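Here's the structure we're looking at; comments come further down.
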Amino acid sequence: MTKPRTRSKMLHSFLHDPPAVAGSVILLLFIVAALGAPWITPQNPYDLEQVSLEHFLKPPIWMEGGQAPFVLGTDDQGRDILSTIIYGCRTSLIVGFSVVLIAGTFGVLMGLVAGYYGGWIDALAMRLADTVFSFSTTLLAILLLGVFKKTGLGTVIAAISIADWVRYARTMRGSVLEVKEEAYVMAAKATGARDFRLLARHVLPNAIPPILVVVAVDLAVVIMLEATLSFLGVGVPLTEPSLGMMISIGKNYIYAGMWWMVVFPGAALILLVVGINLFADWLREELNPKIGR
7 MTKPRTRSKM
17 LHSFLHDPPA
27 VAGSVILLLF
37 IVAALGAPWI
47 TPQNPYDLEQ
57 VSLEHFLKPP
67 IWMEGGQAPF
77 VLGTDDQGRD
87 ILSTIIYGCR
97 TSLIVGFSVV
107 LIAGTFGVLM
117 GLVAGYYGGW
127 IDALAMRLAD
137 TVFSFSTTLL
147 AILLLGVFKK
157 TGLGTVIAAI
167 SIADWVRYAR
177 TMRGSVLEVK
187 EEAYVMAAKA
197 TGARDFRLLA
207 RHVLPNAIPP
217 ILVVVAVDLA
227 VVIMLEATLS
237 FLGVGVPLTE
247 PSLGMMISIG
257 KNYIYAGMWW
267 MVVFPGAALI
277 LLVVGINLFA
287 DWLREELNPK
297 IGR
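Counted from 1, the sequence shown has number 277 at position 271 by our numbering; the numbering is strictly sequential.
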């Protein structure tokens with residue numbers, strides 16, 4: 007009976023928290039748009055048959071020279087800005103959720119084993135985490151991309167995942183250190199329960215709530231990191247849509263008055279990250295009431 011009541015309280019808290027609801031709606035809209043990109047966009051900006059240089063640097067439709075269906079204008083290749091933003095958001099979300107899944111799974115398992123067994127396993131895992139953490143995540147991702155000597159979405163996901171697992175491992179380890187001393191865990195251990203059963207049924211389910219907050223916050227961090235790498239020219243290749251790459255290309259034209267090439271993808275990136283952070287703030291406060299806004 008406790009779990010349904012807890013879920014009911016969380017749902018009530020969520021529905022009565024306007025910033026959390028707004029953030030969730032924003033994130034949901036971006037996800038729906040990204041999934042439906044081939045059907046809702048005026049063109050596929052990376053299909054050469056649909057792109058023409060005749061539409062080179064068209065302004066937004068409400069400005070002089072604007073042309074339908076290019077509501078937000080076009081870029082230097084004649085690609086529709088709105089379509090490119092939606093496809094770019096799809097890239098951002100794919101990278102974000104993939105990294106959270108891969109880095110989160112590895113980090114959680116590492117922290118779970120280190121926190122439960124302690125000793126040399128804990129020392130080795132945490133020294134490895136300290137080594138990775140001593141580097142800037144951005145610089146480490148750039149270094150790894152250089153080591154891989156390959157471009158592509160998978161390479162970017164792999165590089166960021168290798169640089170990003172530490173926060174999950176540290177958070178899980180700290181949570182496990184608290185949970186494993188609880189009476190129900192000690193009682194289960196006294197009855198002869200094996201370690202795998204203890205970890206799967208008692209330790210992990212009760213140590214996971216702080217990880218949910220890390221996931222929510224890290225999603226926004228990874229999306230910004232992917233945009234940063236693409237802006238610097240070391241992220242996804244030119245054949246893949248990216249908000250960071252759009253901003254990088256647009257900056258070359260902003261002083262010529264083509265501001266829409268930077269403003270609109272930048273606004274989309276900010277809006278996406280703000281939406282995720284609004285939800286993450288609510289989740290952090292809900293799972294840890296001691297933290298105030």
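Glycine included, every Cβ here is placed at the ideal spot set by N, Cα and C. None of these values were measured; they are calculated from a predicted model.
Asp86 is bridged by DSSP to Thr80.
With distances taken between CA atoms, Ser236 lies nearest to Ser254 out of Ser254, Val219 and Val223.
Straight across, the Cα-Cα distance linking Asp170 with Met69 is about 43 Å. Counting only unbroken stretches of 3 or more residues, no beta strand (DSSP E) element lies wholly within the segment 115–160.
Inside the segment 186–240, DSSP marks no whole beta strand (DSSP E) run of 3 or more residues. Distance from the CA atom of Ile163 to the CA atom of Gly272, rounded to whole angstroms, is 22 Å. Between Pro65 and the set Leu289, Leu275 and Val269, the nearest pair of CA atoms involves Val269.
Listed in chain order, the non-local C-beta contacts of Met116 below 6 Å within the same chain comprise Ala131 and Ala175, local neighbours out to five positions each way being set aside. Where Glu292 is concerned, the enclosing alpha helix (DSSP H) starts and stops at Trp266 to Leu293. It is roughly 13 Å from the alpha-carbon of Asp81 to the alpha-carbon of Leu249. In this structure the segment 99–114 touches the segment 212–226; the number of beta carbon pairs closer than 8 Å is three or more.
Remark: C-beta atoms of Gly241 and Glu232 approach each other more closely than 8 Å. Counting of Cβ neighbours within 10 angstroms places Gly94 among the buried residues, the total reaching 16 or more. The continuous stretches of alpha helix (DSSP H) do not include Trp171, and DSSP gives it neither H nor E. Rounded to the nearest whole angstrom, the C-alpha separation of Leu284 and Gly29 is 5 Å. For Pro243, the CB contacts under 7 Å within the same chain, skipping 5 residues up- and downstream, are Thr157 and Gly158 in chain order.
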